[in-house]
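Structure first, commentary second.
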Amino acid sequence: MKAQTPYQKPPHEILEILHAPVTPEVVISPTRQHMILVERERYPTIQELARPMLPLAGVRIDPANNGPQRTPQNTGLLIQKLGDHEPRRLRLPDGVRIGAPVWAADGTRFAFARYQPEHVELWVAEVASGAATQVKGISLNAAWNSGFQWMPDNRRLLCRTIPSQRGPLPELPTAPAGPNVQESFEKPAPARTHQDLLKTPHDDDLFEYYFTVQMTLADSVSGNVTSLGAPGLYTLFDPSPDAEHFLVSRLKRPFSRLLTVSGFAREVEVWDRDAQPVHQLASQPSLEGVPIDGVPTGPRGYRWQPTEKATLVWTEALDGGDPKRKVLHRDTLLSLAAPFKSEPREILRLAHRFSGITWGEQAGVALVSEYDRNRRWTRTFLLGKGTGPARLVWDRSVRDRYRAPGEPLMRTLPNGERVMWQTGDSIYLSGPGASAGGDFPFLDRFDLDALSTERLFQCPPGSYEFVVALVNDTPGVQFITQQETPASPPNYRLRGGDPKSQYVELTRFADPTPQLRKIKRQLVTYQREDGVPLSFTLYLPADYQPGTRLPTLVWAYPLEYNDADTAGQVSGSTNRFTTLAGASHLFFLTQGYAVLDSATMPIVGSPETMNDTFVEQIVASARAAIDKAVSLGVTDPERVGVGGHSYGAFMTANLLAHSHLFRAGIARSGAYNRTLTPFGFQGERRTFWEAPDTYIGLSPFTHAQRINDPILLIHGEMDDNDGTFPIQSQRLFQAIKGTGGKVRYVTLPHEAHGYAARESIEHVLYEMIAWFNTHVKNAAPRFNPNDAKP
Numbered sequence: 022m023k024a025q026t027p028y029q030k031p032p033h034e035i036l037e038i039l040h041a042p043v044t045p046e047v048v049i050s051p052t053r054q055h056m057i058l059v060e061r062e063r064y065p066t067i068q069e070l071a072r073p074m075l076p077l078a079g080v081r082i083d084p085a086n087n088g089p090q091r092t093p094q095n096t097g098l099l100i101q102k103l104g105d106h107e108p109r110r111l112r113l114p115d116g117v118r119i120g121a122p123v124w125a126a127d128g129t130r131f132a133f134a135r136y137q138p139e140h141v142e143l144w145v146a147e148v149a150s151g152a153a154t155q156v157k158g159i160s161l162n163a164a165w166n167s168g169f170q171w172m173p174d175n176r177r178l179l180c181r182t183i184p185s186q187r188g189p190l191p192e193l194p195t196a197p198a199g200p201n202v203q204e205s206f207e208k209p210a211p212a213r214t215h216q217d218l219l220k221t222p223h224d225d226d227l228f229e230y231y232f233t234v235q236m237t238l239a240d241s242v243s244g245n246v247t248s249l250g251a252p253g254l255y256t257l258f259d260p261s262p263d264a265e266h267f268l269v270s271r272l273k274r275p276f277s278r279l280l281t282v283s284g285f286a287r288e289v290e291v292w293d294r295d296a297q298p299v300h301q302l303a304s305q306p307s308l309e310g311v312p313i314d315g316v317p318t319g320p321r322g323y324r325w326q327p328t329e330k331a332t333l334v335w336t337e338a339l340d341g342g343d344p345k346r347k348v349l350h351r352d353t354l355l356s357l358a359a360p361f362k363s364e365p366r367e368i369l370r371l372a373h374r375f376s377g378i379t380w381g382e383q384a385g386v387a388l389v390s391e392y393d394r395n396r397r398w399t400r401t402f403l404l405g406k407g408t409g410p411a412r413l414v415w416d417r418s419v420r421d422r423y424r425a426p427g428e429p430l431m432r433t434l435p436n437g438e439r440v441m442w443q444t445g446d447s448i449y450l451s452g453p454g455a456s457a458g459g460d461f462p463f464l465d466r467f468d469l470d471a472l473s474t475e476r477l478f479q480c481p482p483g484s485y486e487f488v489v490a491l492v493n494d495t496p497g498v499q500f501i502t503q504q505e506t507p508a509s510p511p512n513y514r515l516r517g518g519d520p521k522s523q524y525v526e527l528t529r530f531a532d533p534t535p536q537l538r539k540i541k542r543q544l545v546t547y548q549r550e551d552g553v554p555l556s557f558t559l560y561l562p563a564d565y566q567p568g569t570r571l572p573t574l575v576w577a578y579p580l581e582y583n584d585a586d587t588a589g590q591v592s593g594s595t596n597r598f599t600t601l602a603g604a605s606h607l608f609f610l611t612q613g614y615a616v617l618d619s620a621t622m623p624i625v626g627s628p629e630t631m632n633d634t635f636v637e638q639i640v641a642s643a644r645a646a647i648d649k650a651v652s653l654g655v656t657d658p659e660r661v662g663v664g665g666h667s668y669g670a671f672m673t674a675n676l677l678a679h680s681h682l683f684r685a686g687i688a689r690s691g692a693y694n695r696t697l698t699p700f701g702f703q704g705e706r707r708t709f710w711e712a713p714d715t716y717i718g719l720s721p722f723t724h725a726q727r728i729n730d731p732i733l734l735i736h737g738e739m740d741d742n743d744g745t746f747p748i749q750s751q752r753l754f755q756a757i758k759g760t761g762g763k764v765r766y767v768t769l770p771h772e773a774h775g776y777a778a779r780e781s782i783e784h785v786l787y788e789m790i791a792w793f794n795t796h797v798k799n800a801a802p803r804f805n806p807n808d809a810k811p
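Going by my numbering, the sequence shown opens with residue 22, and the numbers climb by one from there.
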């Protein structure tokens with residue numbers, strides 16, 4: 022039976038939490054003197070989500086205002102000086118919808134976009150006066166991004182605007198001129214399963230119409246507006262640190278039918294301040310034919326070096342872009358300074374694929390990272406200290422959270438460029454501080470000469486406090502943190518380097534949902550039958566009585582690991598403030614359920630073959646989680662359900678197909694037929710033709726006749742995630758229904774991979790609670806899952 026029903030609401034106690042006031046977001050100024058408090062609405066209405074939407078080359082836009090499909094939900098801005106507790110409200114028109122505020126580097130003003138139904142405006146606010154004004158003559162093209170950025174002079178804004186002469190919208194032909202044809206001759210061109218691709222010449226015309234921009238300079242003080250060059254399909258238009266040049270990337274036809282916009286052909290050039298080309302860096306063809314997990318040949322990852330006037334830095338492959346080719350060096354890092362007439366200078370050769378560079382304040386100092394695909398391993402090198410070769414700084418598995426050194430804290434230079442904050446020969450690192458006891462974030466000072474670390478701050482027990490930004494480094498290090506506990510909401514503090522020193526409260530946000538404070542939470546560790554360490558966070562309802570066995574939800578998402586040690590590492594903290602929002606599975610706590618949250622489902626093995634034992638490993642992990650919860654006396658073994666979103670939904674369907682551990686399942690926005698993603702999925706590197714048995718064996722669709730326990734399928738009708746087309750849930754529903762299983766299939770109009778509208782979220786929670794109340798909480802006794810066999 023198929024029908025459209027009215028949106029339903031979950032129980033009243035869930036609605037109270039779901040629609041509690043939203044705590045403002047904080048945006049700290051580059052000078053660390055002020056912060057902006059951003060007020061927002063948590064959920065758009067379904068009417069807002071139902072506005073016209075046009076999907077083009079993997080990007081979804083609102084054709085009415087040439088902005089993003091989903092308008093930002095920010096509704097108000099307040100300016101607060103650090104140390105004060107009385108913010109000043111920015112005067113804005115009623116009912117505004119605005120984008121995130123963007124500070125000028127000198128901290129005297131900030132800009133933001135205002136989203137109107139028919140256009141997108143540019144506004145600038147002065148911190149001193151608290152006044153905000155619209156920049157006249159600017160209609161932003163926000164299809165790509167916010168549509169603007171500050172120039173290095175902190176006065177002008179470089180804007181992506183709608184060309185004044187772009188003409189009428191291309192008309193859809195009343196009849197096609199002919200068939201749409203694609204062809205290929207022997208050269209392999211594998212591609213992931215993408216959504217929203219261009220399909221017809223009319224799509225090409227629409228793409229060019231909506232994404233063509235006129236680059237414009239707008240003076241935030243005088244209001245003068247001047248055009249810069251001719252309109253074009255600019256994906257990058259970045260001023261050099263000295264504002265004398267622009268690094269420009271512009272798309273060119275023909276557009277790909279297999280790839281999203283990131284894979285289109287393009288020209289990459291350097292232009293002078295008058296928008297005249299002075300150097301061609303690359304003429305890149307379409308990325309069709311680039312190997313899966315490979316990279317294109319020629320320059321990529323191009324950017325300006327932030328501490329030089331106008332020096333380009335980029336990467337080029339030395340292996341033809343093929344990750345399977347055996348070579349001594351896989352990538353090279355190159356640079357070229359203005360006037361761009363000499364040969365590029367090689368900075369560093371890397372044995373593995375380049376994965377990032379972070380520049381320091383001192384010229385030439387940088388951290389360069391590479392990624393070893395075969396081992397899932399990362400190494401980081403230090404450049405610019407001394408005249409010798411690059412020095413190896415860190416060397417670890419990308420999954421090794423316990424040895425993660427943290428990320429460099431950054432500062433904004435007067436020209437707007439971001440660099441590592443340096444004090445002499447030291448930088449500062451902030452990280453989560455993962456350990457067997459959970460996360461305890463830290464701040465370290467890292468000596469670039471000795472490669473040694475000094476701990477300046479670590480979150481004390483009983484709380485969760487992480488460093489947001491440095492404020493100054495002399496005479497003592499001061500920094501801003503965000504701190505929370507299970508009983509107190511996140512707030513900002515100004516601290517010194519000694520954790521015992523006094524701190525200054527910067528914000529005093531109140532608890533929006535005090536009814537959640539009695540929820541109980543603890544980290545639980547245990548082992549799988551093969552010895553792999555596992556964990557989950559156990560949540561218990563506020564009124565839980567010890568010794569009571571509860572209906573239980575296991576919520577999980579599988580991850581891949583090379584070895585058992587990293588697979589067993591603990592993630593997260595039980596000292597965080599519990600908040601429930603969106604279609605969170607934690608709302609089951611309000612209905613008398615225990616929740617085993619983030620129950621680890623590691624897939625351990627070689628990256629090339631790990632999925633050959635995917636089913637066996639998730640079943641073993643699920644059984645171990647249930648056994649542990651039962652042994653704790655909190656879980657009724659006859660009333661356990663499982664759920665997950667996306668890859669977690671794929672896991673859920675497989676658990677129901679290959680075990681009888683659960684009474685029911687909830688699978689949201691998943692992919693269930695892996696032959697529809699034949700060129701790889703998640704961590705799977707082989708194609709369907711290389712490993713057909715694995716693709717078929719892992720597809721719940723091919724085992725639909727074995728899904729005998731009730732399963733609830735939920736899917737957004739406009740899912741935009743690679744591989745999770747709505748047809749995935751549609752076909753699994755039809756397969757289970759056709760083979761006599763118990764299944765309910767709910768599709769959400771206008772929703773993508775994640776669910777946004779208030780009505781949709783309320784209805785999803787209603788469906789989830791009702792499904793488990795029927796098939797888990799109030800299910801008749803069946804059997805002891807300890808006796809079950811996969």
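Backbone N, C-alpha and C define an ideal beta-carbon position, used for all residues, glycine too.
By the beta-carbon neighbour count (other beta carbons within 10 angstroms, threshold 16), residue 242 is exposed.
Of the residues assessed, residue 495 falls on the exposed side of the cut-off, its CB having fewer than 16 other CB atoms within 10 angstroms.
Here the alpha carbons of residue 414 and residue 403 stand approximately 6 Å from one another. CA-to-CA, the gap between residue 29 and residue 42 works out to about 22 Å. Between the stretch 662–669 and the stretch 718–725, the count of Cβ pairs shorter than 8 Å is below three; the stretches do not touch.
Per DSSP, residue 418 is one residue of the beta strand (DSSP E) stretching across 412–418. For residue 149, the CB contacts under 8 Å within the same chain, skipping 5 residues up- and downstream, are 129 in chain order. In the three-state scheme derived from DSSP, where H, G and I count as helix and E and B as strand, residue 54 is classed as coil. With contacts defined as CB atoms closer than 8 Å, residue 419 and residue 398 qualify as a contacting pair. Between residue 182 and the set 143, 176, 412, the nearest pair of CA atoms involves 143.
Taking the CA atoms as reference points, residue 741 sits about 6 Å from residue 774. Runs of the alpha helix (DSSP H) lying entirely within the stretch 155–188, each at least 4 residues long, are absent. Taking a 10 Å sphere around the C-beta of residue 370, we find fewer than 16 other C-beta atoms and assign the residue as exposed. Comparing alpha carbon positions, the residue from 178, 208, 217, 222 closest to residue 198 is 222. When DSSP states are grouped into helix, strand and coil, residue 588 belongs to the helix group.
At the C-beta level, residue 100 and residue 112 stay beyond 8 Å of one another. In the DSSP annotation of this structure, residue 502 is not part of any alpha helix (DSSP H); the continuous beta strand (DSSP E) holding it starts and ends at 499–505. Taking the Cα positions, residue 73 is about 10 Å away from residue 91. Under the three-state reduction of DSSP, residue 277 is assigned to coil, being neither helix nor strand.
Rounded to the nearest whole angstrom, the C-alpha separation of residue 317 and residue 354 is 15 Å.
Contact between residue 544 and residue 614 does not hold, since the beta-carbon distance rounds to 19 Å and is not under 8 Å. Here residue 386 has 405 as same chain residues with Cβ atoms under 6 Å from its own Cβ, once five neighbours each way along the sequence are excluded. If you keep only unbroken beta strand (DSSP E) runs of at least 3 residues inside the stretch 67–97, you get 75–77, 80–83. A Cβ-Cβ distance of about 26 Å is found for the pair residue 96 and residue 53, leaving them out of contact under the 8 Å criterion.
Secondary structure of residue 614 (DSSP, three-state): coil.
Within the same chain, 454, 479, 480 come within 6 Å of residue 461 by CB-CB distance, once the 5 residues on both sides are set aside. Here residue 669 carries a helix assignment [DSSP, helix/strand/coil].
Counting C-beta pairs with one atom in each stretch, the stretch 744–754 and the stretch 674–693 have three or more that are closer than 8 Å, which means they touch. In the DSSP assignment, residue 739 is bridged to no other residue.
Look at the beta carbons and you see the stretch 190–209 not touching the stretch 247–255: under three pairs across the two are nearer than 8 Å.
Across the structure, residue 330 and residue 528 are spaced so that their CA atoms are roughly 39 Å apart. Residue state for residue 631 is assigned as helix, using DSSP reduced to three classes. Rounded to the nearest angstrom, the gap between the Cα atoms of residue 327 and residue 483 is 40 Å. Its chain contains 668 as the residues whose beta carbon lies nearer than 6 Å to that of residue 703, once the 5 sequence neighbours on both sides are disregarded; these appear in chain order. Within the stretch 690–753, the complete beta strand (DSSP E) segments of 3 residues or longer fall at 732–737, listed in chain order. Shown here, residue 249 sits in coil according to DSSP, grouped into three states, outside any helix or strand.
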